[in-house]
Amino acid sequence: GVKQAMEAAEYFGTKLDLSKFTIKGTCQDLEKPYLRLTSAPDASSVRPVHILHKSLANVMRKWASRGEKNSSVNYLWACEQLKSIRQDLTIQHVRNDFTCKVYETHARIALEQEDLKEFNQCQTKLVELYQKYGSKKCHREFAAYRIFYQIYTKYKYNQPSSEMAVLLASLTKEQRESRVVKHALKVYAAVDQGDYCSFFRLYKTVENMGVYLLELLVDYVRHCALQRIFRSYRPTIPLQNIHDNLLYDGRVKGESAKEWKAFVRMKGLHVLKDGKPFTSKKLHKRMTNVVVDTKLSWGAVNGTFLWKVLDGDNVQRSDQ
């Protein structure tokens, strides 16, 4: 058996290739903690595929109703359960449409929770699985996510354009012609060209869960846009224009009026009304005839953009 083979390999100081062994699980537990393997897996601790189907349904049901009936259901719980399901699939060498569904589910939940480490692990595995398995609709959905994620890493880490070129070259004709991928490519062009107007227009029409990835780019695009605006519009620009063009109206996911309040109160921002300096506690609302002196305010926006640090930034491929 696998256990005996591992013991023999340990005795002789060699490494056992588990891919040559097939284990059929017998565990009937719907929920099981995720534990890194330090010894040969036992069939009694591995769930068979028909139980894993029920386990995934259980996670999805509890996640959808979290906070309503069971306060113990949170992201840490969901992540552990999904990693445990992935592990049982890997141990049994199960690679099919169901495997894709597990990784897709985990990727979406991780994206919702800004866990880029798990998201990237899942999307990397899906690239491999999609060579043979998965629905075409999901192929297109995750192709768009890959483009969005690559935009994020390209500008955050100054990655060479060649990495994006490799990704684009890997897209199939069907994917390139799909609505979601065409949209993602337009987003890439908008960010690459500094076309903030197009970016925010595309932001409002993004499909599936792409908004969670575009949200990571919003502050960067605004930063670059303000630098371009303050260089181009002299001597002033209406404050209302900045509010509208950079989508400071609460339509960006997770934002409220506080982001706009923070902008108008930004240190070094010179605001005028009727040609005179203007200050007001309600400036974020009282924008009629209010302009920004772009020359005097240049120092407020002329600086290096500081990216938000997220768990799993710049992570590599996963084993599971």
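Basically my numbering = 1-based index in the sequence shown + 598. Cβ atoms here follow ideal geometry from the backbone N, Cα and C, with glycine treated the same way.
With fewer than 16 other Cβ atoms from the protein chains shown falling within 10 Å of its own Cβ, V907 counts as exposed. Between the C-alpha atoms of Y701 and Q721 there is a straight-line separation of about 8 Å.
In the structure shown, the three-state DSSP call for D793 is coil. Per the DSSP secondary-structure output, K874 pairs in a beta bridge with K871. Selection Q711, H691 and L769 evaluated against C677 yields Q711 as nearest (Cα-Cα). Per DSSP, the unbroken alpha helix (DSSP H) holding D817 starts and ends at G808 to S830. For V888, the uninterrupted beta strand (DSSP E) run begins and ends at V888 to D891, by DSSP. In the structure shown, I840 adopts helical secondary structure according to DSSP, grouped into three states. Across the structure, F861 and K893 are spaced so that their CA atoms are roughly 17 Å apart. In the DSSP assignment, I835 forms a beta bridge with V890. For the options K871, K883, V890 and Y810, the alpha carbon positioned closest to that of K865 is the one of V890. Contact between the segment 810-830 and the segment 872-881 is absent, with fewer than three C-beta pairs closer than 8 Å.
Between the segment 737-757 and the segment 773-788 there are three or more inter-stretch CB-CB distances shorter than 8 Å, so the stretches are counted as touching. Counting only runs of 4 or more residues that sit fully inside the segment 752-785, the alpha helix (DSSP H) segments are 759-768 and 771-775, in chain order.
Boundaries of the alpha helix (DSSP H) around M658: V647 to A662. Classified as exposed, V764 has fewer than 16 neighbouring CB atoms from the shown chains inside 10 Å of its CB. Residue nearest to S895 within the set E853, T834 and L904 is T834 (criterion: CA-CA distance).
Around Y673, the same chain offers Q711 as residues with beta carbons nearer than 6 Å, after the five sequence neighbours per side are excluded.
For R684, the enclosing alpha helix (DSSP H) starts and ends at Y673 to I689.
The closest CA to that of L680, considering only D695, R706 and G665, is found on R706. When DSSP states are grouped into helix, strand and coil, W905 belongs to the coil group. Around the beta-carbon of A741, 16 or more other beta-carbon atoms lie within 10 Å, marking it buried. Non-local beta-carbon contacts of T697 in its own chain, meaning distances under 8 Å to residues more than five positions away in sequence, involve L687, L727 and Y731 in chain order.
Taking C-beta atoms as the reference points, M807 and Q838 fail to come closer than 9 Å. Closest in alpha carbon position to V725, among S760, Y750, E805 and T770, is T770.
The Cβ atoms of V888 and V869 sit closer than 9 Å to each other. A distance below 6 Å between beta-carbons, with the five flanking residues on each side excluded, links S878 to the following residues of its chain, in chain order: R884. Boundaries of the alpha helix (DSSP H) harbouring C698: D695 to E710, taken from the DSSP string.
Distances from the CA of T624 to each of L633, L650, R664 and Y632 were compared; the closest alpha carbon is that of L650. Per the coordinates, the alpha-carbon of Q719 lies some 45 Å from the alpha-carbon of L881. Annotation for G897: the continuous alpha helix (DSSP H) segment containing it runs W896 to V899.
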